[in-house]
Amino acid sequence: MADAYVIEAVDLRKVYGDIQALNGLNLQVPAGSIFGFLGRNGAGKTTTIKALLGMTRPTGGSARVFGLAVNEPAASVEIRRRTGFVSEDKDLYDSMTVADLIGFTRPFFPRWRSDLEAKYLRAFELPGERKVKTLSRGTRTKLALLLALCRGAELLVLDEPTSGLDPAMTEEVLQALVAHVSSEAMTIFFSSHQIAEVDQIADRIAIIDRGRTVVSGVLDDLRESYRRVQLVFAGDAPAAAFHAPGVVRVRRERRVLSVLCCDGAEQVVDEARTLHPVSVNVTPVTLKEIFLETVVGAED
Amino acid sequence: MLWYKSWLDTRWRFIIGFALCVGGAWLAVFGYPRVTRLIALSPAVDVTTEVGRRLHDIVELSRGFRGYIWVQWFRQSMVQSVTLLAILLGSGGVVTHGGGELYTLSLPVSREQLLYTRAAVGLTELLLIAFVPSLVIALMSPAIGEHFSVVSALVHATCLFITCAAFFSLALLLSTSYSDVWRPMLITAAVGLVLSLAEAVNPTVAQFGVYKLMSGETYFRFGRVPWPGLVVALAVSGGLIVAAAANVSRRDY
Chain A
371 MADAYVIEAV DLRKVYGDIQ ALNGLNLQVP AGSIFGFLGR NGAGKTTTIK ALLGMTRPTG
431 GSARVFGLAV NEPAASVEIR RRTGFVSEDK DLYDSMTVAD LIGFTRPFFP RWRSDLEAKY
491 LRAFELPGER KVKTLSRGTR TKLALLLALC RGAELLVLDE PTSGLDPAMT EEVLQALVAH
551 VSSEAMTIFF SSHQIAEVDQ IADRIAIIDR GRTVVSGVLD DLRESYRRVQ LVFAGDAPAA
611 AFHAPGVVRV RRERRVLSVL CCDGAEQVVD EARTLHPVSV NVTPVTLKEI FLETVVGAED
Chain B
3 MLWYKSWLDT RWRFIIGFAL CVGGAWLAVF GYPRVTRLIA LSPAVDVTTE VGRRLHDIVE
63 LSRGFRGYIW VQWFRQSMVQ SVTLLAILLG SGGVVTHGGG ELYTLSLPVS REQLLYTRAA
123 VGLTELLLIA FVPSLVIALM SPAIGEHFSV VSALVHATCL FITCAAFFSL ALLLSTSYSD
183 VWRPMLITAA VGLVLSLAEA VNPTVAQFGV YKLMSGETYF RFGRVPWPGL VVALAVSGGL
243 IVAAAANVSR RDY
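Taken in sequence, the protein lines are chains A and B. Following the working numbering, the numbering of the first sequence begins with 371 at its first residue and continues without gaps. Following the working numbering, the numbering of the second sequence begins with 3 at its first residue and continues without gaps.
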């Protein structure tokens, strides 16, 4: 089953001095998926990506990409040969022109797609003779994307691909990604703290917090299994503890008791009725609510 | 193509340094007739002091073209300028310099490959800086009716290149620990200054000194190529580059 997952991390750890950047992260990214990697700033998303691409060394646990161990230098080179990458800062060589940078990158990748290069040069309207340092943030993002997409990669790793872009440019980049993945057999693994864009294009997600995976799965399944059960009482809501499986969080505010559960709502509703509320409502939850309750709510 | 990135990162330092050295060689050759006239007019030097003895040595050596070129060019101008250029060419983050750190690291090459390419490009530039101006001296000398042999120029350039390569390699090693240009540059320059001062005040140190080796003094005075010193300098340089490769491969970015 190892090949079923393009990326697989088990109990991955990374310590920088006193800072535990990754704290036992587990991750499984199936081949062909568009995988959204969600977390707040500083949650460990970039560290995870750097560890997967051999830019930083894990201090514990294991991670494999294409079944290759990320901490073995020769395997790491092979992983990068088969992976396209866009960094958060779209950090490219400022002193080169767009054409120079494409020409520089091409020889490193035997499966370089000249057809895609021509296609995206036109579609993104990239000025070949302009120096990279003179490009706007949006154009630089498009160039970084072209350089990643043309590698003939099986995996595309994008670290906050739309950070700093205006909504129109964000939409253009996301549409380009979706169009690309629909025509090419590849896996996209992208990190973000923009829930809307993950919701828009991802089919699977993982949410990480403080270096650990707190939620992971198929996005539609998560939407299906997560429910909010809202109980309204005649007086102040009781301080109840729920024993049903899958209870993620319970919030009490005056007459209202709100229970977020991740494993269906039936057992929670049964338990709730024993508290004799005036009303019981079960509502679906959005990805944003799941994110806020599992990450931000975890601090409460 | 990694060489192209290294070339872009270092090209202006190289081009400016190369042009200055070639121009300096030209001026050294065509300035000789003027120097001979000045020496004829110079008063006698008091040789009872160490400084006087050194000045006298310089004046006496400069009476002949071969001695003049060695004293003025290979022992002074080139020793100082090529050492400085070696430090400049070796300084600057191997992965981080010129932007695009993560882009470089995302390429399917090992970090050792990055380091060795950077070292090869820098050493090639240093080689050109050491050899081309030296050959300019030999080739331009007939234009003023003098002669400086090509073999001598090549031997002195070899001494310069191999010894300065050690400074280059030290700066390169430090550049794998510091992401800025300044610290590797300043620390290596400080090492060079300390060695220079030690040679200036201590005759025993000067006997085996790096700058004496760099100027090819034993070849000039006795016709002996300083092979043991050159082998040691090569070994030091190679060791520093290997250490730099080990350092860059274990770093987190």
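Each residue gets a CB set at the ideal place from its N, CA and C atoms; glycine is no exception.
#### Entry: Simplified DSSP state of residue 70 of chain B, which is helix, strand or coil
Here residue 70 of chain B is taken as the residue at index 68 of the second sequence, counted from 1. In this structure, DSSP gives residue 70 of chain B a helical state, which the three-state scheme calls helix.
Check whether the stretch 146 to 154 of chain B and the stretch 44 to 60 of chain B are in contact - that is, three or more C-beta pairs closer than 8 Å.
Contact fails: fewer than three Cβ-Cβ distances are below 8 Å.
Just to confirm before moving on: does the CB-CB distance between residue 450 of chain A and residue 423 of chain A stay below 9 Å?
Against the first sequence, residue 450 of chain A aligns to sequence position 80. Against the first sequence, residue 423 of chain A aligns to sequence position 53. At a Cβ-Cβ threshold of 9 Å, residue 450 of chain A and residue 423 of chain A count as neighbours.
Practice problem: Given a cut-off of 9 Å, decide if residue 575 of chain A and residue 406 of chain A are closer than it, judged by their beta-carbon atoms. | Solution: One-based indexing of the first sequence puts residue 406 of chain A at position 36. One-based indexing of the first sequence puts residue 575 of chain A at position 205. Contact: yes.
(request) Excluding the 5 residues preceding and the 5 following residue 412 of chain A in the sequence, name in chain order all residues of the same chain whose CB lies nearer than 8 Å to its CB. (result) Taking the first residue of the first sequence as 1, we reach residue 412 of chain A at position 42. If we look at residue 412 of chain A and ignore the five residues flanking it on each side, it has no Cβ neighbours.
* Using the C-alpha atoms, what's the distance from residue 658 of chain A back to residue 4 of chain B? -> As a first step, residue 4 of chain B must be located in the second sequence, where it is residue number 2. As a first step, residue 658 of chain A must be located in the first sequence, where it is residue number 288. Those two C-alpha atoms are separated by around 44 Å.
**Prompt:** By a C-beta neighbour count over all protein chains shown, 10 Å radius and 16 as the cutoff for buried, is residue 72 of chain B buried or exposed?
**Reply:** Taking the first residue of the second sequence as position 1, residue 72 of chain B is located at position 70. Per the 10 Å Cβ criterion, buried.
Query raised in the report: Using DSSP with H/G/I as helix, E/B as strand and the rest coil, what is residue 372 of chain A?
Result: Counting from one through the first sequence, the residue named residue 372 of chain A turns up at place 2. Residue confidence is low: residue 372 of chain A scores 46 on pLDDT, short of 50, so the model does not pin down where it sits. Its coordinate-derived value is still stated next. Helix at residue 372 of chain A.
Review point. Straight-line CA distance for residue 255 of chain B to residue 19 of chain B?
Key: Working through the second sequence from its first residue, we reach residue 255 of chain B at position 253. Working through the second sequence from its first residue, we reach residue 19 of chain B at position 17. Cα to Cα, residue 255 of chain B sits roughly 31 Å from residue 19 of chain B.
Exercise. Given that a residue counts as buried once 16 or more other Cβ atoms are within 10 Å of its Cβ, and exposed if not, what is residue 209 of chain B?
Worked result: Translated into the one-based positions of the second sequence, residue 209 of chain B becomes position 207. Around the C-beta of residue 209 of chain B, fewer than 16 other C-beta atoms lie within 10 Å, and the residue is accordingly described as exposed.
Given that a residue counts as buried once 16 or more other Cβ atoms are within 10 Å of its Cβ, and exposed if not, what is residue 371 of chain A?
-> Taking the first sequence and counting its residues from 1, the one referred to as residue 371 of chain A is at position 1. The pLDDT assigned to residue 371 of chain A is 42, lower than 50, so where the model puts this residue is not dependable, and the model offers no usable value.
Exercise. Nearest to residue 387 of chain A by alpha carbon, out of A:490, A:429 and A:653?
Worked result: Against the first sequence, residue 387 of chain A aligns to sequence position 17. For the residues A:490, A:429 and A:653, the minimum Cα distance to residue 387 of chain A belongs to A:429.
How would you call residue 229 of chain B, buried or exposed, if buried means at least 16 neighbouring beta carbons within 10 angstroms? Along the second sequence, one-based indexing puts residue 229 of chain B at 227. By the 10 Å Cβ count, residue 229 of chain B comes out exposed.
Q.
So that I know if they touch, is there some Cβ in chain A lying closer than 9 Å to that of residue 103 of chain B?
A. Translated into the one-based positions of the second sequence, residue 103 of chain B becomes position 101. Interface residue, yes.
So if DSSP puts residue 574 of chain A in a beta bridge, which residue, or which two residues, is it bridged to? The residue you call residue 574 of chain A lines up with position 204 of the first sequence. Note: residue 574 of chain A sits in a beta bridge opposite A:405 and A:588.
| request: Compute the Euclidean distance between the alpha carbons of residue 527 of chain A and residue 512 of chain A, then round it to the nearest angstrom. | output: The residue given as residue 527 of chain A occupies position 157 in the first sequence. The residue given as residue 512 of chain A occupies position 142 in the first sequence. The alpha-carbon atoms of residue 527 of chain A and residue 512 of chain A are separated by roughly 15 Å.
Check your understanding: Beta-carbon of residue 252 of chain B versus every beta-carbon of chain C: anything under 9 Å?
Key -> In the structure shown, chain C does not exist; the protein chains are A and B.
| Counting only runs that start and end within the stretch 390 to 449 of chain A, where is the beta strand (DSSP E) found for 3 or more residues in a row? | Within the stretch 390 to 449 of chain A, the runs of beta strand (DSSP E) that reach at least 3 residues and sit entirely inside it are, in chain order, 404 to 409 and 430 to 435.
- Query: DSSP three-state call for residue 495 of chain A: helix, strand or coil?
  - Reply: What you label residue 495 of chain A is simply residue 125 of the first sequence in a count that begins at 1. In the displayed model, residue 495 of chain A falls within coil according to three-state DSSP, outside both helix and strand.
Check your understanding: Below 8 Å, can you find three or more Cβ-Cβ pairs linking the stretch 173 to 188 of chain B to the stretch 40 to 54 of chain B?
Key -> As far as the Cβ criterion goes, the stretch 173 to 188 of chain B does not touch the stretch 40 to 54 of chain B, which means the pair count is below three.
Report task. Put residue 535 of chain A into one of helix, strand or coil per three-state DSSP. Result -> On the first sequence, residue 535 of chain A is found 165 positions in, with the first residue counted as 1. Correct three-state label for residue 535 of chain A: coil.
- Drop a sphere of 10 angstroms on the beta-carbon of residue 32 of chain B, count the other beta-carbons inside from all chains shown, and report buried for 16 or more, exposed for fewer. Looking up residue 32 of chain B in the second sequence gives position 30. Its Cβ having fewer than 16 others within 10 Å, residue 32 of chain B is exposed.
### Message
Under DSSP, the alpha helix (DSSP H) around residue 59 of chain B begins and ends at which residues?
### Response
Sequence index remark: in the second sequence, residue 59 of chain B carries index 57 (1-based). Bounds of the alpha helix (DSSP H) holding residue 59 of chain B are 52 to 64.
(message) Taking the alpha carbon of residue 173 of chain B as the reference point, which residue from B:156, B:196, B:86 and B:62 has its own alpha carbon closest?
(response) For the purposes of this step, residue 173 of chain B is taken as the residue at position 171 of the second sequence. Closest option to residue 173 of chain B, Cα to Cα, is B:86.
Practice task
Could you spell out where the beta strand (DSSP E) holding residue 654 of chain A opens and where it closes?
Solution key: Position 284 of the first sequence holds residue 654 of chain A. Segment 649 to 654, the beta strand (DSSP E) holding residue 654 of chain A.
Three-pair Cβ contact test at 8 Å for the stretch 375 to 383 of chain A versus the stretch 528 to 537 of chain A | Segments in contact, no.
Checklist entry - Cα separation between residue 401 of chain A and residue 492 of chain A? => result Numbered from 1 along the first sequence, position 31 holds the residue referred to as residue 401 of chain A. Numbered from 1 along the first sequence, position 122 holds the residue referred to as residue 492 of chain A. Distance between the alpha carbons of residue 401 of chain A and residue 492 of chain A is about 29 Å.
Quick check on residue 512 of chain A - is its C-beta less than 9 Å from some C-beta in chain B? Position 142 of the first sequence, counted from the first residue, corresponds to residue 512 of chain A. No, because no Cβ of chain B sits closer than 9 Å to the Cβ of residue 512 of chain A.
Do residue 525 of chain A and residue 571 of chain A have their CB atoms nearer than 9 Å?
On the first sequence, position 155 is the one that residue 525 of chain A refers to. On the first sequence, position 201 is the one that residue 571 of chain A refers to. In this structure, residue 525 of chain A keeps its C-beta atom at 9 Å or more from the C-beta atom of residue 571 of chain A.
- Kindly say whether residue 113 of chain B, judged by its beta-carbon, lies nearer than 9 Å to any beta-carbon of chain A. Numbered from its first residue, the second sequence carries residue 113 of chain B at position 111. True, the Cβ-Cβ gap to chain A drops below 9 Å.
**Asked** What did DSSP end up calling residue 250 of chain B once you bin it into helix, strand or coil?
**Response** On the second sequence, residue 250 of chain B is found 248 positions in, with the first residue counted as 1. Here residue 250 of chain B sits in helix by DSSP.
*asked:* Which same chain residues end up closer than 8 Å to residue 187 of chain B when comparing Cβ atoms and leaving out the 5 residues on each side of it in sequence?
replied: Locating residue 187 of chain B in the second sequence gives position 185, where the first residue counts as 1. So the qualifying residues of the chain are 89, 90, 93 and 173.
Exercise. Compare the C-beta of residue 443 of chain A with all C-beta atoms of chain B and state if any pair is closer than 9 Å.
Key: For the purposes of this step, residue 443 of chain A is taken as residue 73 along the first sequence, with counting starting at 1. Taking Cβ atoms only, chain B reaches closer than 9 Å to residue 443 of chain A, which makes this a yes.
Quick one: give me the first and last residue of the beta strand (DSSP E) that residue 48 of chain B is part of.
The residue you call residue 48 of chain B lines up with position 46 of the second sequence. That residue, residue 48 of chain B, is in no beta strand (DSSP E); it is neither H nor E in DSSP.
Is the Cβ of residue 463 of chain A closer than 9 Å to any Cβ of chain B?
-> On the first sequence, residue 463 of chain A is found 93 positions in, with the first residue counted as 1. Contact with chain B is found for residue 463 of chain A, since one of that chain's Cβ atoms lies less than 9 Å from the residue's Cβ.
- request: Leaving aside the five residues before and after residue 393 of chain A along the sequence, list all residues of the same chain whose C-beta is less than 7 Å from its C-beta, in chain order.
  value: For the purposes of this step, residue 393 of chain A is taken as the residue at position 23 of the first sequence. If we look at residue 393 of chain A and ignore the five residues flanking it on each side, its Cβ neighbours are 383, 580, 581 and 582.
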